[in-house]
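Undergrad:
There are 2 protein chains.
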Amino acid sequence: MNTAPDQPRWLTDEEQRVWRAYLHATTLMEDHLDRQLQRDAGMPHIYYGLLVGLAEAPRRRLRMTELAMQAKITRSRLSHAIARLEKNGWVRREDCPSDKRGQFAVLTDEGYEVLRRTAPGHVSAVRQAMFDRLSSEQQKALGEIMQIVAEGLQPDEAGADLPWLR
Amino acid sequence: MNTAPDQPRWLTDEEQRVWRAYLHATTLMEDHLDRQLQRDAGMPHIYYGLLVGLAEAPRRRLRMTELAMQAKITRSRLSHAIARLEKNGWVRREDCPSDKRGQFAVLTDEGYEVLRRTAPGHVSAVRQAMFDRLSSEQQKALGEIMQIVAEGLQPDEAGADLPWLR
DNA sequence: CCCCGTTTGTTTAAAGTTCAAGAATGCTTC
DNA sequence: GAAGCATTCTTGAACTTTAAACAAACGGGG
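Taken in sequence, the protein lines are chains C and B.
To convert, note that position 69 of the first sequence is 1055 in this note's numbering; the numbers rise steadily by one, no gaps.
To convert, note that position 90 of the second sequence is 1076 in this note's numbering; the numbers rise steadily by one, no gaps.
Here it is in structure tokens:
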């Protein structure tokens, strides 16, 4: 009767409520952490995540592409970010000996120190905002839910075509 | 024995897993929606949210401050955003008769049309990414969890001082 | 060895966000 | 009704992100 693409299945009232609660909470959370870290560590949340990634890596260093994948950002964005962190003296670049195209981002001692100094405050912010408020059942449920959502978004996603990220 | 601020209560392994799953999923989700809307509607997710906010308001218009609060962004950011949407012809500004400082952002017919055309695709993206993958128990749990998290972040938050937002 | 398609990382410019300051109007109080 | 403080919105500059294009190096086949 109708050759059109299909009338959309709108969200039910209940779904709508859940979706808006999700958007509201995640927005507030990200804003909160961004401001907390900007204030206490002088960088936005994602830059902090880059330093953490480096700190956990074998010799506190990672190839640019690896770091970009781990942080789920483009190489371009990472290039800019590392340039900024380098100016702060928290990261330095090193050539990769085995691949002349490659670069390592290396966490400096100074960068490590920033992390050591600011990590407690950050953890505490996360606790206050999330873990101190949720029952362990809720924490478990949240973990599972986020896992599922991430899985659905990870691959190329229904007709997409992008190479590996973004 | 130790007058220092307290040794930090680090996240347990399980909490760590939940937290990373949360960050991972929310990042992927936001990226996904941003790209979906940029592609199909020519604007980022937050701009789309502004149009939705206007579409739902009484005469498809809202004072700048109200819209900013609803979208949880600063007035400054909103000013820039509305300038852009105005250039697209999707929003126009109108003076407030009762308060000469005030401005209304008004959704144009063209803006409404964009929304009408792109909303189905957006809803479908949200469904595919989230609601089609979660049981109704999980949806319920997610709603409650996000509600709780948002509540903890909404007020001034432990020693903060900011006026009303950000 | 050379060609050619791929991968790596950077660069440039445009778009978007943040931050601090400012102009105009409103409101409250003396 | 004037002073002084608050609110509303905008502006411009600095910074970050996105998008597209590019140079250099890799690597598999002929």
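The beta carbon of each residue, even a glycine, is placed where N, CA and C say it ideally should be.
If you reduce the DSSP assignment to three classes, tell me which class B/D1081 lands in.
TA: strand
Undergrad: Go ahead and label B/H1066 buried or exposed: buried means 16 or more other beta carbons lie within 10 angstroms of its beta carbon, across all protein chains shown.
TA: exposed
Undergrad: Are B/F1090 and B/E1099 close, meaning C-beta to C-beta below 8 angstroms?
TA: no
Undergrad: Please check the pair B/V1112 and C/W1005, which I expect to be a contact at CB under 8 angstroms, by giving their CB distance rounded to whole angstroms.
TA: 6 angstroms
Undergrad: State the DSSP-derived secondary structure class of C/Q993, mapped to helix, strand or coil.
TA: It is coil, neither helix nor strand.
Undergrad: Look up C/L1048 in the DSSP assignment and say whether it is helix, strand or coil.
TA: strand
Undergrad: For chain B, check one thing: does any of its Cβ atoms lie closer than 8 angstroms to the Cβ of C/G1129?
TA: yes
Undergrad: Which residues in the same chain have their Cβ closer than 8 angstroms to the Cβ of B/G1075, if we skip the five residues on either side of it in sequence?
TA: T1094, E1096, G1097
Undergrad: Below 8 angstroms between beta carbons: does that hold for C/L1036 and C/A1057?
TA: yes
Undergrad: Which runs of the alpha helix (DSSP H), 4 residues or longer, sit entirely within the stretch 1019-1049 of chain B?
TA: 1031-1042
Undergrad: Does any C-beta atom of chain B lie closer than 8 angstroms to the C-beta of C/A1069?
TA: no
Undergrad: For chain C, is any of its Cβ atoms less than 8 angstroms away from the one on B/G1138?
TA: yes
Undergrad: Quick one: which residues of the stretch 1029-1045 of chain C get their C-beta closer than 7 angstroms to a C-beta of chain B? List them in chain order.
TA: none
Undergrad: Looking only at DSSP bridge pairs, what is C/S1009 linked to?
TA: According to the sequence as given, residue 1009 of chain C is Leu; it is not Ser. None; C/L1009 has no bridge partner.
Undergrad: Is it true that the CB of C/R1003 sits closer than 8 angstroms to the CB of B/G1129?
TA: yes
Undergrad: Which two residues bound the contiguous beta strand (DSSP E) that contains B/L1093?
TA: 1089-1093
Undergrad: Any idea if B/Q1140 is buried or exposed, counting beta-carbon neighbours within 10 angstroms, 16 or more meaning buried?
TA: exposed
Undergrad: Contact criterion: CB-CB distance below 8 angstroms. Does C/P1083 meet it with respect to chain B?
TA: No - not a single Cβ of chain B is within 8 angstroms of the one on C/P1083.
Undergrad: For B/T1012, go through chain C and note every residue whose CB falls closer than 7 angstroms to its CB, in chain order.
TA: T1012
Undergrad: Would DSSP call B/S1122 helix, strand or coil?
TA: helix
Undergrad: From the DSSP output, in three-state form, read off B/N1074 for me.
TA: coil
Undergrad: Give the residues from the stretch 1090-1104 of chain C that approach chain B closer than 7 angstroms (Cβ to any Cβ), ordered along the chain.
TA: none
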